[in-house]
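Protein chains in written order, with the working numbering: chain A, 1 to 455; chain B, 1 to 455.
In what follows, a single structure is set out as structure tokens and then discussed.
2 protein chains.
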Amino acid sequence: MSDAPTKFLLSERDVPTHWVNLLPDLPGEPLPPLNPQTKQPAGPEDLTPIFPMGLIGQEVSPEPLVEIPPEVREAYKLWRPTPLFRARRLERALDTPAHLYYKYEGGSPAGSHKPNTAVPQAFENAREGIRKLVTETGAGQWGSALAFACGLFGLECEVFMVGSSYDQKPYRRSMMQTWGATVHRSPSSETQAGRSQAEHATGSLGIAISEAVEVAAGDERANYALGSVLNHVLLHQTVIGQEAMAQMEMAGEEPDVVVGCVGGGSNFAGIAFPFVRRVLRGEASTRFVAAEPAACPTLTRGAYRYDFGDTVGMTPLMPMYTLGHDFVPPPVHAGGLRYHGDAPMLCGLVKEGLVEARAYRQNETFEAALRFARTEGVIPAPEPAHAIRAVLEEAEAAKQAGEERVILLNLCGHGHFDLAAYDAYLAGQLEDPEFSEADMQAALERLPDDVPAIA
Amino acid sequence: MSDAPTKFLLSERDVPTHWVNLLPDLPGEPLPPLNPQTKQPAGPEDLTPIFPMGLIGQEVSPEPLVEIPPEVREAYKLWRPTPLFRARRLERALDTPAHLYYKYEGGSPAGSHKPNTAVPQAFENAREGIRKLVTETGAGQWGSALAFACGLFGLECEVFMVGSSYDQKPYRRSMMQTWGATVHRSPSSETQAGRSQAEHATGSLGIAISEAVEVAAGDERANYALGSVLNHVLLHQTVIGQEAMAQMEMAGEEPDVVVGCVGGGSNFAGIAFPFVRRVLRGEASTRFVAAEPAACPTLTRGAYRYDFGDTVGMTPLMPMYTLGHDFVPPPVHAGGLRYHGDAPMLCGLVKEGLVEARAYRQNETFEAALRFARTEGVIPAPEPAHAIRAVLEEAEAAKQAGEERVILLNLCGHGHFDLAAYDAYLAGQLEDPEFSEADMQAALERLPDDVPAIA
């Protein structure tokens with residue numbers, strides 16, 4: 001028993017030297033983002049007011065591999081490579097023939113995968129003389145990652161935190177302040193966007209993005225930073241999948257299915273894209289499952305359309321599955337999954353049928369998370385609890401089929417700041433919102449109609 | 001820059017196979033614990049009502065190495081071996097020639113070193129047919145570790161949590177419940193001890209111990225579990241120091257000084273004892289620094305006397321530095337350091353001059369913790385913040401001396417459940433209690449006087 005390997009570790013020499021860029025492997029020409037005013041394809045000049053050239057270059061890079069700067073690799077070593085575990089205790093509890101593996105990103109200083117992109121974003125901005133980064137955060141995972149990363153490179157950090165989270169998760173705010181960031185409750189009185197949305201007192205991610213973009217655009221020494229959705233963010237996260245691939249080789253196995261949760265899509269892309277590339281190149285036949293909340297079912301029920309990334313309509317229009325840029329999802333605890341759209345690259349893969357999306361209700365995800373915590377120890381964040389739910393389904397399917405399937409999960413963060421939600425679940429008081437037909441109709445009516453259709 | 005190693009990792013094959021027992025290497029005969037009624041040396045029969053024979057055997061073992069059961073080693077692999085880091089960013093910030101290393105125990109499921117002993121304690125009890133473990137917890141680190149460990153071996157877990165922590169740290173309570181434990185606010189109405197102390201509404205560790213021991217002693221299928229102080233607990237923690245020794249060899253260095261914080265002494269013993277043994281055997285000349293709170297200065301100001309481990313006087317009398325068994329320390333945030341005594345084995349080493357103790361005020365420890373968080377990323381728990389303070393002093397001394405000293409720190413846990421304290425510190429509202437001469441006089445008057453003197 002005790003000699004069966006359960007943990008696969010790489011040394012710091014094995015921190016990847018490059019990020020995997022899936023763009024050149026995707027079939028067809030990628031759909032361009034559009035300028036929000038002209039509705040014409042957006043060029044680099046549309047992005048320079050808020051992003052450094054280094055990141056804009058990564059956003060549109062045609063290179064299949066993008067070199068990781070030495071300063072970024074050095075910072076990655078504070079917590080990378082992350083461990084890969086075989087969940088043998090969970091396997092025994094489920095009595096499944098499936099082999100369950102999880103890549104654990106919760107050991108980073110901020111407790112999630114978010115520092116994987118916060119660090120290179122802070123580095124590129126610092127390199128180009130930027131003094132301050134401005135961003136939004138929902139549950140606080142992204143804001144705390146950026147606060148940590150800005151500290152490493154001597155940048156100021158200003159965070160607009162969604163009002164309801166600001167009130168409910170004071171410790172996430174304290175974490176950002178501990179790393180030196182300034183945190184505003186959004187909607188705030190600091191910006192025109194915030195003042196225009198003052199009646200939405202609990203705020204939303206879309207409003208907070210508008211506020212952060214406004215501040216960044218109005219200060220030439222400040223830039224904006226986004227924690228998901230954009231190509232360069234997904235690119236940075238591919239360190240996860242590359243390490244996992246090396247670790248699965250150590251385990252002598254190949255995943256039959258790769259599972260992750262999706263809010264904007266960055267942790268999912270992080271673990272999946274290196275494996276997706278092998279599928280696109282005909283070298284593997286891996287399946288991919290993206291898990292999202294039934295209360296914000298972008299991939300499973302959204303319209304595939306051009307839409308804004310923020311509520312006010314300041315960002316470029318992006319081709320994606322969307323529930324409408326002013327959709328305010330119910331306050332499920334998986335704050336990182338409460339976004340009206342998804343990364344265009346991921347949406348393209350879903351559209352092509354390469355990635356299967358599934359939506360889960362809040363209570364069933366907490367049931368899965370509890371099962372995980374009580375066997376493997378780690379208390380998962382509510383976001384990856386959705387992915388764990390999908391893993392339980394896959395493990396049960398393997399049992400039904402009597403097959404020894406290999407399942408790889410991205411456990412993208414711990415739930416140390418989400419225990420109030422576990423409390424509510426254990427007390428039987430957790431809400432279980434769904435997305436109704438009426439919600440869907442309202443969403444469709446909210447979509448901008450003066451945008452080019454997608455073929 | 002980026003090629004300089006910062007992280008030293010062992011594989012799961014390197015989880016130690018034995019615990020290091022310092023008892024046989026200690027000079028002279030160890031002072032025995034005394035029966036609380038007869039004041040005569042306590043034998044195994046004094047302990048069987050609340051501890052399993054497996055642990056009693058470890059408590060008094062004359063063997064220099066004690067084998068770790070395979071089931072325990074397998075569970076250890078859920079988070080062990082833990083990483084050793086070279087704190088290069090902190091070194092640069094301090095501009096010190098010292099080499100700073102930290103062993104990081106915060107990556108365990110419960111977030112501290114406590115599972116190192118919770119797991120073997122749960123295992124030995126389960127092996128002997130015990131159905132339930134009962135314990136106390138202060139800040140919640142120990143209670144959550146035991147809740148996690150009981151879950152692994154199918155035991156029930158009942159925790160008496162110090163009232164003030166129960167109120168201030170609801171998330172630690174939720175964490176225990178997530179792993180399936182039952183949690184009572186102490187003093188409770190569940191026990192005679194609790195009812196007798198009802199006027200001390202905020203509770204204390206001593207009262208909570210009395211409650212837990214009472215429940216365990218009154219139920220023959222239940223036992224008690226203690227998270228520090230006892231020999232077998234210190235024994236279990238030596239996995240930390242053994243791994244650190246192997247990792248320092250990987251780094252090609254030998255520590256000049258080993259630093260840890262002390263509440264009951266278990267994390268300090270865990271990192272230090274394997275190195276202390278080399279000193280006792282004349283194989284090294286390492287220094288050892290134990291850091292404690294100025295508000296509860298047991299090692300620096302306590303009397304070296306026999307005293308009870310709990311408030312009510314139910315536990316054996318132990319030879320230790322003590323502030324009196326009914327001392328209620330001020331509510332500093334380092335809840336794990338708020339104990340009136342210390343492990344007898346550690347006290348003996350302090351008495352012999354092998355370990356140097358230093359006391360720090362709360363604010364200076366948070367200043368040190370913030371410095372650590374902003375360079376190395378990890379937000380430390382308030383307990384190891386005391387050790388970090390001592391490391392900063394040692395690094396400054398190395399700078400003054402112009403010497404390249406090697407300093408090894410045990411960073412025994414993260415501060416994710418202590419961010420309210422960081423909040424208070426950042427707002428300049430953190431209290432800074434000290435232990436006065438009057439407190440000392442009161443403490444001395446409270447010591448039991450009908451106990452044998454220590455020569």
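Idealized CB from N, CA, C, for every residue including glycine.
Taking C-beta to C-beta, are residue i and residue j nearer than 8 Å?
i	j	result
B/ILE209	B/GLU158	no
B/PRO337	B/GLU383	For the sequence presented, residue 337 of chain B should be read as Leu rather than Pro. Yes, these two residues count as a Cβ contact at 8 Å.
A/THR178	B/LEU370	yes
B/ARG458	B/ALA225	One cannot answer for residue 458 of chain B here, as it falls past the ends of chain B, which runs 1 to 455.
A/LEU528	A/VAL332	Here chain A comprises residues numbered 1 to 455, so residue 528 of chain A is not present and cannot be evaluated.
A/ALA147	A/GLY194	no
B/VAL215	B/VAL134	yes
B/PHE123	B/PRO83	no
A/GLY203	A/GLU128	no
Is residue i buried or exposed, if buried means 16 or more other CB atoms sit within 10 Å of its CB?
i	result
B/ARG13	exposed
B/GLY348	buried
A/MET1	Model confidence at A/MET1 stands at a pLDDT of 47, short of 50, so the residue's coordinates are unreliable; what they give is reported in the following sentence. Label assigned to A/MET1: exposed.
A/ASP450	exposed
B/GLY43	exposed
B/GLN121	buried
B/ARG92	exposed
B/GLU394	buried
A/SER189	exposed
A/ASP439	buried
A/ALA198	exposed
A/THR6	buried
B/GLN168	buried
A/THR48	exposed
A/GLN454	The identity of residue 454 of chain A in the sequence shown is Ile, whereas the question assumes Gln. Per the 10 Å Cβ criterion, exposed.
B/GLU404	exposed
A/GLY33	Note that residue 33 of chain A is Pro in the sequence shown, not Gly. Buried, by the Cβ-count rule.
A/PRO64	exposed
B/GLN141	buried
Quick one: residues in its chain with C-beta nearer than 8 Å to the C-beta of residue i, no 5 flanking neighbours on either side, listed in chain order?
i	result
A/GLN441	none
B/TRP79	GLY107, SER108, PRO109, PRO115
B/THR182	GLU156, CYS157, GLU158, VAL159
B/GLU283	none
Enumerate in chain order the residues of its own chain whose CB-to-CB distance from residue i is below 6 Å, with the five nearest sequence positions on each side excluded.
i	result
B/VAL119	VAL72, ALA75, ALA149
B/GLU67	HIS18
Kindly list the residues whose CB is nearer than 7 Å to the CB of residue i, restricted to its own chain and excluding five residues on each side of it in sequence; keep chain order.
i	result
B/PRO274	VAL20, THR238, GLY241, GLN242, MET245
B/GLY206	ASP310, THR311, HIS325, ASP326, HIS340
B/PRO30	LEU23
B/GLN58	VAL66, HIS232, LEU235
B/VAL460	The structure shown does not extend to residue 460 of chain B, since chain B is modelled only from 1 through 455, so no value can be given for it.
B/ASP418	HIS333, ALA381, PRO382
A/VAL213	ILE50, TYR224, ASP310, MET314, THR315
B/GLY154	ALA126
B/ARG185	MET161, GLY163, TYR166
So residue i contacts chain D; which residues on that side make the cut at Cβ distance below 9 Å?
i	result
B/ALA420	Absent from the structure is chain D; the protein chains it does hold are A and B.
### Query
Where in the stretch 64-135 of chain B do unbroken runs of the alpha helix (DSSP H), each at least 4 residues long, occur, reported from the N-terminal end onward?
Listed in chain order, they are 70-76, 88-94, 115-127.
### Message
Runs of 4 residues minimum, wholly inside the stretch 187-228 of chain A: which ones carry the alpha helix (DSSP H) assignment?
### Response
For the stretch 187-228 of chain A, the full-length alpha helix (DSSP H) segments reaching 4 residues or more read 192-196, 205-217 along the chain.
### At least 3 beta-carbon pairs within less than 8 Å: the stretch 97-104 of chain A vs the stretch 396-415 of chain A
Verdict: yes, contact present.
### Query
Along the chain, which unbroken stretches of the alpha helix (DSSP H) at least 4 residues long are found entirely within the stretch 355-420 of chain A?
Correct list: 362-376, 382-401.
#### Entry: Cβ contact (3+ pairs, closer than 8 Å) linking the stretch 265-274 of chain A and the stretch 339-359 of chain A
Between the stretch 265-274 of chain A and the stretch 339-359 of chain A, the count of C-beta pairs closer than 8 Å reaches three or more; the two stretches touch.
### Query
At which residue ranges does the stretch 269-312 of chain B contain complete alpha helix (DSSP H) runs of 4 or more residues, listed in the order of the chain?
With a minimum length of 4 residues, the continuous alpha helix (DSSP H) runs that stay inside the stretch 269-312 of chain B are 298-301.
### Query
Is there contact here, the stretch 249-259 of chain B with the stretch 215-232 of chain B, by at least three beta-carbon pairs under 8 Å?
Contact between the stretch 249-259 of chain B and the stretch 215-232 of chain B is absent: fewer than 3 CB-CB pairs across the two stretches fall below 8 Å.
### Query
So does the stretch 293-303 of chain A actually touch the stretch 428-435 of chain A, counting three or more Cβ pairs closer than 8 Å?
Per the Cβ contact rule, the stretch 293-303 of chain A is in contact with the stretch 428-435 of chain A (3 or more Cβ pairs under 8 Å).
### Query
Would you say the stretch 372-389 of chain B touches the stretch 406-423 of chain B, given that touching needs at least three Cβ pairs under 8 Å?
Result yes; three or more Cβ-Cβ pairs closer than 8 Å.
### Task
Ignoring anything shorter than 4 residues or poking outside the stretch 229-255 of chain B, list the alpha helix (DSSP H) runs there in chain order.
Those alpha helix (DSSP H) runs which fall completely within the stretch 229-255 of chain B and span 4+ residues are 231-251.
### Unbroken stretches of the beta strand (DSSP E), 3 residues or longer, contained in the stretch 314-358 of chain B
Within the stretch 314-358 of chain B, the runs of beta strand (DSSP E) at least 3 residues long that lie entirely inside it are, in chain order, 317-322.
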